[in-house]
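Right, one structure below, let's go through it.
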Amino acid sequence: MVTLTAVQNVNGSGVLPVAGHFEARQRFYWRLLWPTLAVLMVVTLLPTLYLLVTSFTPLDLTRPETAWNFSRPLGNYGLLLEDGRLHDSFWTQAKLSFWTVGLQLLLGFLFALLLNSSSRLLQALRTVFLIPMVLPPIVVAIIWKVLYTPDISPFYWMFLELGWDVPALITHADWALTAIIVADTWEWFPFTMLMILAALQMMPEEYIDAAKIDGATVWQTTLYVTLPYLRGVLLVAGLFRLIDSIKAFPLIFILTDGGPGTVTEVTNFYSYIQAFNFSYLGYSSAITVVLVALTVLLSWAIIRMVGWGQGVD
Amino acid sequence: MTRADRRTRFWLHVLVLALVLVILFPFLWLLMMSFKTDSDIFAWPPVLVFTPTTDHYLALWEGNFPKSFANSAVASIVSTVFAMIIGVPGAYALSRTAMRSEKSLSLLILSSRMAPPIAFTIPYFLVYRHLDLLDTLTGLIIIYLTFNISLVVWLMRSFFDATPRSLEEAAWIDGATLWQGFSRIILPLSGPGLAATAILCFLYSWNDFFFALILTRTEAMTAPVAVVNFMNYEGWEWGKIAAGGTMVMLPVLIFSILVRKFLIQGMTAGAIKG
């Protein structure tokens, strides 16, 4: 600490060689920063602008003359309001997001409570719980495709032995979305669990001790001390999962392909179909612009909540 | 520790071990399946004990899968290297200086990490059609930069924040230039951070499915897309699917364990320290 202030003093009085000058440093930092910013803008902002521009055209890949046709710039957006299949996809998305985020927070919380212990065995097991979350999403989808295929699934054998008549979930209109929710929850509850565990380890022990002295039971401590302490991290973890649930793709693509019918078709998936099955890139761009706006809004909420640079710890 | 405490602890361990088995079962099942013969895969009741075979892996090796696997590796590694070269100096500058528009920058970085892939796929697809970049590794490498640069800037910035400024200031007093302070003093000290960041970039690129699905056909097809294609040919080649899936997840499992401490930081673009 002492040396640091000393250096700063020398700095201020300008005794240091050129390298120490404030302005020289600012110029140097800016020279390092601008190439990074320039490339980042070119690869992310420019394409987003292009997406926005495309959304004002009726671009259809099978009809080249539709490119750069701005005669009805808001045509696609008008269509958004009338398209029933799109509205259904929003509703499907809402159900998927609600259940997956809710279940992941609940399971993550319960597992974090179980694993929050100084025991060496439990600490080693934490790493094992990472597996579902770090697996490539496509592998997760394959794993569940196997488990949901009655011919080869050990689950279906078990159901049969138990005398339960379980339909093939992913091809059943009433169950397909549930099947995806189960797989997605399995994949991502470790994420909420790890975030909650990190927060639990920062929690001052005095909180629990004080509650114990006041005669609180384990349940009461969890409900009235631990849970309120975790409010912030639960909210942020939930927001991250919420944004991520909007881009759900591999599970739906592999397990149900949006079906049966359109019951598992979320908005992101519908946009993909419009663009790359029907070639309506203009309309798909308009749908995607809405999704991007939603993502930016939710990201902004996260930044507001955690501040930047600093964590929630 | 009292006797009651010890008993609680014992049952807690039993419970957690049982839960670990339940949670890992789906993953282990796929792993086992990749070593089963076709008749064992379809055995009824399903078998837990079987004579392992490497037939499916050999079949993969003889087909086009090695090429897709190499494509995945090249695209992920090259994109990671470029993202590091482009992003690390900027991250250092951001860590050492205050910026007025920091809020907008954070938003740009987080949004580009969180945006649905289709948002980038549509414009890149349209541009690549004209530049002849569809179905090329170059095309994949560029689109992977959309998330990799953000990841590098955000993670490395928090690593640099944790490196004391007094280190480079001491070097300046000794006559080092600003650039030397960064390249000779700070960079060598940031080895673990650089390694963790590079591994996370590699994992994100390796795990990509959507970009490769849309932007590649045959030449630049990556391993995840190749595995999915086993589902579309005549009959489902479950053995090959399981073996291919295992090959795709193998590097991921190894690297994830190496960087487990930084995983959460990586997934939240550094907003949360794990």
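Chains as they are written, first to last, in the numbering used here: chain A, 5 to 317; chain B, 881 to 1154.
Built from N, CA and C at the ideal position, the CB exists for glycine as well.
Note that the structure is predicted; figures quoted are calculated from it, not measured.
Sub-8 angstroms separation of V1105 of chain B and T1096 of chain B beta-carbons: yes
Neighbouring residues, chain A, relative to W891 of chain B (Cβ below 9 angstroms): Result: empty, since nearest Cβ-Cβ is about 11 angstroms, beyond 9 angstroms.
Min CB distance M276 of chain A to chain B below 8 angstroms: Sequence inspection shows Tyr at residue 276 of chain A; the Met mentioned does not correspond to that position. Yes, because at least one Cβ of chain B sits closer than 8 angstroms to the Cβ of Y276 of chain A.
Contact with chain B by D155 of chain A, beta-carbon distance below 8 angstroms: yes
Secondary structure of G313 of chain A, DSSP reduced to three states: For G313 of chain A, the predicted model reports a pLDDT of 44, less than 50, meaning its position is unreliable; a value from the coordinates is still stated below. Correct three-state label for G313 of chain A: coil.
Residue-level contact to chain B via CB, I184 of chain A, 8 angstroms cutoff: no
Proximity below 8 angstroms, CB of S249 of chain A to CB of T104 of chain A: yes
Given T995 of chain B as reference, the closest of A:I307, A:V310, A:I306 and A:L298 once Cα atoms are compared: The question names Thr, but residue 995 of chain B is Ala in the sequence shown. Considering only alpha carbons, the answer is A:L298.
Meets three-Cβ-pair contact criterion under 8 angstroms: the stretch 145-156 of chain A and the stretch 1131-1140 of chain B: no
Three-state class that DSSP yields for K1153 of chain B in the structure shown: Confidence at K1153 of chain B is low in this model, with a pLDDT of 49, below 50, so the placement of that residue is unreliable and no value is reported for it.
Chain B contact for V294 of chain A (CB, 8 angstroms cutoff): no
Per-residue DSSP class, three states only, for R67 of chain A: strand
CA-to-CA distance, G943 of chain B to L295 of chain A, given in whole angstroms: 39 angstroms
Cβ-Cβ separation, R993 of chain B to F1027 of chain B (assumed contact under 8 angstroms), whole Å: 6 angstroms
The stretch 198-211 of chain A / the stretch 221-239 of chain A touching (three or more Cβ pairs under 8 angstroms): yes
Beta carbon of I1085 of chain B nearer than 8 angstroms to that of S959 of chain B: According to the sequence provided, residue 1085 of chain B is Ser. The question's Ile does not apply to it. Yes; because the gap between Cβ atoms is below 8 angstroms, this pair is in contact.
Close beta carbons around I185 of chain A, own chain, < 6 angstroms, minus the five adjacent residues each side: W103 and T104
4-residue-minimum alpha helix (DSSP H) runs that sit fully inside the stretch 941-988 of chain B, ordered along the chain: Within the stretch 941-988 of chain B, the runs of alpha helix (DSSP H) at least 4 residues long that lie entirely inside it are, in chain order, 945-976.
Contiguous alpha helix (DSSP H) assignments of at least 4 residues, all confined to the stretch 975-1063 of chain B: 982-994, 997-1011, 1017-1041 and 1046-1053
Residues near V1139 of chain B in its chain [Cβ-Cβ closer than 7 angstroms; skip 5 each side]: A1076, I1079 and L1080
Test: M199 of chain A CB closer than 8 angstroms to a CB of chain B: At least one chain B Cβ lies under 8 angstroms of M199 of chain A.
Interface positions of the stretch 1109-1143 of chain B facing chain A (Cβ-Cβ less than 9 angstroms), listed along the chain: Result list: M1111, W1116, W1118, I1121, A1122, G1124, G1125, T1126, V1128, M1129, V1132, L1133, F1135, S1136, I1137, R1140 and L1143.
Alpha carbon of R883 of chain B to alpha carbon of W190 of chain A, nearest angstrom: 36 angstroms
Chain A within 8 angstroms of A950 of chain B, Cβ atoms only: no
Residues near I1023 of chain B by beta carbon distance below 7 angstroms, same chain, minus five either side: F1000, Y1004, F1091 and L1095
For G167 of chain A, the nearest candidate out of A:F159, A:I174 and A:L173 (CA to CA): A:F159
When B:I1029, B:L1025 and B:G1119 are compared against A939 of chain B, the one with the closest alpha-carbon: B:G1119
Complete runs of the alpha helix (DSSP H) confined to the stretch 194-228 of chain A [at least 4 residues]: 209-217 and 222-225
Contact set for S101 of chain A: own chain, Cβ-Cβ below 8 angstroms, skip 5 residues either direction: Correct list, in chain order: L246, S249 and I250.
Under 9 angstroms by beta carbon: chain B residues contacting E30 of chain A: It is Gln, not Glu, that sits at residue 30 of chain A in the sequence shown. Correct list: T977.
Buried versus exposed, by CB contacts within 10 Å (16 or more), F253 of chain A: For F253 of chain A, the number of other beta carbons within 10 angstroms of its own is at least 16, and it is reported as buried.
C-beta atoms of L319 of chain A and A187 of chain A nearer than 8 angstroms: It is not possible to answer for residue 319 of chain A, since the shown part of chain A is limited to 5 through 317.
Chain-ordered neighbours of P141 of chain A on chain B, where CB pairs are closer than 7 angstroms: N1087 and F1089
Close Cβ partners of W951 of chain B (< 7 angstroms) along its chain, the five nearest in sequence each way excluded: For the sequence presented, residue 951 of chain B should be read as Asn rather than Trp. So the list reads L1017, A1100, M1101 and T1102, once near-sequence residues are dropped.
Separation of D1054 of chain B from L8 of chain A, as counted between CA atoms: Here L8 of chain A scores only 40 on pLDDT, less than 50, and its place in the model is too uncertain to base an answer on.
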